[in-house]
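Numbers in my numbering are just positions in the sequence shown, counted from 1, shifted up by 88.
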Amino acid sequence: MVNQFGQPIFNIVPMGRFFNVISIISFCSILLISCESSDKGSIYVSNLSEFNKAVQTVKPGGEIVMADGIWENVELLFEARGSENAPIRLRSETKGAVFLEGQSNLRISGEYLIVEGLVFRNGYTETNEVISFRKDENSLSNHCRLTECVIDNYSNPERHEQDTWVVVYGKHNRVDHNHFVGKRNLGVTMTVRLNTEDSRENFHRIDHNYFGPRENLGANGGETLRIGTSHYSLTNSNTLVENNFFDRCSGEHEIISNKSCRNTFRNNVFYECSGTLTMRHGNETMVDGNVFIGNNKPSTGGIRVINEKQTVINNYGIGLKGYRFRGAFVVMNGVPNSPINRYFQVDSASIRNNVFVNCDHIQLGAGSDEERSAVPINSVIEGNVFYHDTKNDLFTIYDDISGIKFANNYVSENINHPFLEGVTKRSMKLNKDSQGFLIPEIKGVDFSFVIDSSLAKKESTGVNWYSKEDKTFSLGSGRTIEVPSGRNTLNEAVKNSKAGDILRLASGEDYILTKTIYVNHPITFEASFEEKARILFEKKSPFVIENGGSLSFKGILFDGKIAPDYSGNSVIRTSKYSMNKNYKIFIDDCAFKDLNMNHSFDVIKVFKNTFADTISITNSEFRNITGHVVALDKEIDDKGVYNAEYVILKNNIYSNIEGTALNLYRGGTDESTFGPFLEIDHCVFDQVGHGKRNKSKTSISLHGVQVIDIKNNIFKECMPIKSHLVVGEPVVNIRNNNLYKTATFEITGDQDYNLENVWNLKPDFDEGTYQLTDKSALKNKGTDLLNLGLISELP
89 MVNQFGQPIF NIVPMGRFFN VISIISFCSI LLISCESSDK GSIYVSNLSE FNKAVQTVKP
149 GGEIVMADGI WENVELLFEA RGSENAPIRL RSETKGAVFL EGQSNLRISG EYLIVEGLVF
209 RNGYTETNEV ISFRKDENSL SNHCRLTECV IDNYSNPERH EQDTWVVVYG KHNRVDHNHF
269 VGKRNLGVTM TVRLNTEDSR ENFHRIDHNY FGPRENLGAN GGETLRIGTS HYSLTNSNTL
329 VENNFFDRCS GEHEIISNKS CRNTFRNNVF YECSGTLTMR HGNETMVDGN VFIGNNKPST
389 GGIRVINEKQ TVINNYGIGL KGYRFRGAFV VMNGVPNSPI NRYFQVDSAS IRNNVFVNCD
449 HIQLGAGSDE ERSAVPINSV IEGNVFYHDT KNDLFTIYDD ISGIKFANNY VSENINHPFL
509 EGVTKRSMKL NKDSQGFLIP EIKGVDFSFV IDSSLAKKES TGVNWYSKED KTFSLGSGRT
569 IEVPSGRNTL NEAVKNSKAG DILRLASGED YILTKTIYVN HPITFEASFE EKARILFEKK
629 SPFVIENGGS LSFKGILFDG KIAPDYSGNS VIRTSKYSMN KNYKIFIDDC AFKDLNMNHS
689 FDVIKVFKNT FADTISITNS EFRNITGHVV ALDKEIDDKG VYNAEYVILK NNIYSNIEGT
749 ALNLYRGGTD ESTFGPFLEI DHCVFDQVGH GKRNKSKTSI SLHGVQVIDI KNNIFKECMP
809 IKSHLVVGEP VVNIRNNNLY KTATFEITGD QDYNLENVWN LKPDFDEGTY QLTDKSALKN
869 KGTDLLNLGL ISELP
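Have a look at this one:
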């Protein structure tokens, strides 16, 4: 049995002739407690003044009941002392009907306190902590509980202004059955602090919470849960994290960052999380019975092992696609005599009885470089099963792994492995267990793997009175609205639109904008038939993406004919102010022409503290432009921050562009993120980068891009394509490109790259359509055996 704080209760039942005596004593005790409790009662409060008075008078066994409604800009200090048998409770009048909004926060200080049923929304904290288990550094919480509370999108509008939603200090506290969703600014969602002696050996319990979606921060500092910090990482925390559901928590590559000793992570589920449970610092961690479900989403990962005496047993991963530090299972190299904030050597790790199904990357000795040269030692990988339907090269070995003993591990027959012993190929088939998970059955081997029936489930974590429904709207998910041509008809249509709506423009008609369109929700503009609709504009920036906005264009011609002759023009730009919601831009079958009324007319321009999940441009053409086509270069503080995760340029024409076709920058040496990801495929670049104001003197400028795939393109009379590679083991593939009267690729930095088939042949294409003639030497030279340049003629 456990009490309301999740702590064990041990009962010794007396026997024999003493039974009646004990029963009488017990009855009297219960009567006394009952009398004490009934004397305390409930104190109903409806404002901050009443709350503060109630805190001064409430007694053990009593409760403070907050009136239903909105409590705005309140800073609550719940400071009191209950007892184990008579805790003091702070609760809402009705669960989920007390809303703390504006700049509100809560501090819990004392002993045996319970907070229940509150909702934080529509605001953010101006302090560093929304809910804190302390009054100040000398007044902490012990034996306290936060349960059935909600923090929903309570995020600072300044993207890189740091705060934390829940900070646990003291000892023996419990955080359970809460709902945390939508943290969008810098800072950990929840953390356990060990910065004083009174917070160490704490034995906290974090259980049955729902951690809802957290978008990619595009920077370090986006963990969902962190236990400790590097400074106190060799201190015991003894925190138990069990039966929590992590739903699309993708702030950075450490979903959970363990940074202290003797913590246990048990029976948690990680659903489509782009990252890993990471034993970043600290020793003697237990990772037992967790489930990682990737559903084949990019960058989804599993478990990363660092430091000493780590135990990883009975875990299950399926459909995980992440690589390097986001692999399904990663054992890292360490730093010899490592400082406390770097990487300690893996020593005496025990990795047993784990199952990985259709997971793409198992990484051993990961991070090996001149600094991280301490290979794993005294460790064992035993009794694990690796199954994959198609992929045969699961294992990547970066360094000497002789310090790991392999025994009784099994792989499916198609998997090639480099191990001399301890890993055996076997015929396997997948069977569903009682919970619907696919478990390998190994022919000829007595093997059974059981996922604990108490495993976290989405519906049984968090609270049952607050919806877990995804509140986001995707592009193209709403109504289709026909918009007549004319002056500012698009502006009115956008004002009356809702998230996800599609605005259908009349084919071949003109739409004139004399006002800027401010986009604060996902919206699509598309032409109805084959002939493009034309947008002309008299504003410096006709389309501005604000916080919450995303854009999709299809079948549109953007004509700069009547654009103002100002410097700094752009067709699409982000807000000049910080945006804490990520956005998307999709451009397909569009044309941007004659943006040349001034010396710096960009197509897409972004500002600092904004972040795009995806910018995709396909089947489109850009002609006669004085600025850049895509400028993603505003995060230049060299802290690992950048402006876009995925950038895709495919089957496009770039002709007479004075600036760059693309400027993409990620500076610094931080390894907590793995973007940007860039694909440039089957494009034609003709006379790009020659403008006098193009400071980079390039046609494409890349700095710190982590995944680069440039293939099947034609460059004619362009400025150089430059790429500077920084730490993070970037994956760079530049293949089958033709550089006619263009300098070859300039690649700097000390990272490896793959450069294949760079030709310098006259393209022989039609100067208008850029289609190759029959005599062109570039026909069928693509990596896909198609022509270089355009896949097909643009509409």
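Ideal placement from N, C-alpha and C gives every residue a C-beta, glycine not left out.
Apply the 10 Å Cβ neighbour rule to residue i and answer buried if 16 or more other Cβ atoms are within range, or exposed otherwise.
i           : result
residue 599 : buried
residue 403 : buried
residue 458 : exposed
residue 474 : buried
residue 877 : buried
residue 816 : buried
residue 123 : Residue confidence for residue 123 is low, a pLDDT of 36 falling below 50, so the modelled location carries little weight; the figure read from the coordinates is stated next. Exposed, since its Cβ has fewer than 16 Cβ neighbours within 10 Å.
residue 651 : buried
residue 373 : buried
residue 109 : A caution first: residue 109 carries a pLDDT of 36, below 50, which makes its placement in the model unreliable, though a value can still be read off. That one is exposed.
residue 433 : buried
residue 213 : buried
Determine which residues share a DSSP beta bridge with residue i and list them.
i           : result
residue 428 : In the DSSP output, where bridge partners are listed per residue, residue 428 has none listed.
residue 49  : Residue coverage of the chain in this structure runs from 89 to 883, which leaves residue 49 outside it and unanswerable.
residue 451 : 418 and 484
residue 295 : 264 and 330
residue 154 : 133 and 180
residue 163 : 193
Under DSSP, the alpha helix (DSSP H) around residue i begins and ends at which residues?
i           : result
residue 138 : 136–145
residue 582 : 577–583
For residue i and residue j, what's the separation of their Cα atoms in angstroms?
i           : j           : result
residue 794 : residue 483 : 21 Å
residue 885 : residue 729 : Examination of residue 885 is not possible in this model, given that the chain is present from 89 through 883 alone.
residue 271 : residue 245 : 11 Å
residue 785 : residue 571 : 42 Å
residue 573 : residue 624 : 11 Å
residue 867 : residue 831 : 22 Å
residue 103 : residue 321 : Residue confidence is low: residue 103 scores 36 on pLDDT, short of 50, so the model does not pin down where it sits. Its coordinate-derived value is still stated next. Their Cα atoms are separated by approximately 48 Å.
residue 192 : residue 211 : 8 Å
residue 615 : residue 864 : 34 Å
residue 277 : residue 379 : 21 Å
residue 550 : residue 146 : 28 Å
residue 738 : residue 543 : 43 Å
residue 237 : residue 205 : 5 Å
residue 250 : residue 275 : 5 Å
residue 268 : residue 561 : 19 Å
residue 368 : residue 437 : 14 Å
residue 709 : residue 678 : 7 Å
residue 167 : residue 312 : 27 Å
residue 364 : residue 174 : 40 Å
residue 442 : residue 512 : 15 Å
residue 127 : residue 143 : Residue confidence for residue 127 is low, a pLDDT of 47 falling below 50, so the modelled location carries little weight and cannot support an answer.
residue 808 : residue 718 : 17 Å
residue 117 : residue 177 : With a pLDDT of only 42 at residue 117, under 50, the local geometry of the prediction cannot be trusted, and no value is derived from it.
residue 317 : residue 310 : 14 Å
residue 324 : residue 348 : 6 Å
residue 111 : residue 299 : Its pLDDT being 43, under 50, residue 111 is placed unreliably by the model, and the measurement read from it follows with that caveat. The straight-line gap from Cα to Cα measures roughly 45 Å.
residue 761 : residue 301 : 17 Å
residue 765 : residue 426 : 31 Å
Taking Cβ to Cβ, would you say residue i is nearer than 8 Å to residue j?
i           : j           : result
residue 297 : residue 332 : yes
residue 390 : residue 417 : yes
residue 423 : residue 462 : yes
residue 731 : residue 698 : yes
residue 713 : residue 684 : yes
residue 181 : residue 155 : yes
residue 890 : residue 775 : Any property of residue 890 remains undetermined from this structure, which presents the chain solely from 89 to 883.
residue 429 : residue 487 : no
Where do the N-terminal and C-terminal ends of the beta strand (DSSP E) with residue i fall, by residue?
i           : result
residue 307 : Counting along the chain, residue 307 falls outside any beta strand (DSSP E), and DSSP gives it neither H nor E.
residue 364 : 364–369
residue 404 : 404–406
residue 274 : Element bounds for residue 274: n/a, residue is neither H nor E.
residue 791 : 788–791
residue 396 : Segment: none, residue 396 is in no beta strand (DSSP E) and carries neither H nor E.
residue 176 : 176–180
residue 712 : 709–713
Can you find a CB in chain B that lies within less than 8 Å of the CB of residue i?
i           : result
residue 692 : Given the protein chain composition of this structure (a single chain), no chain B is represented.
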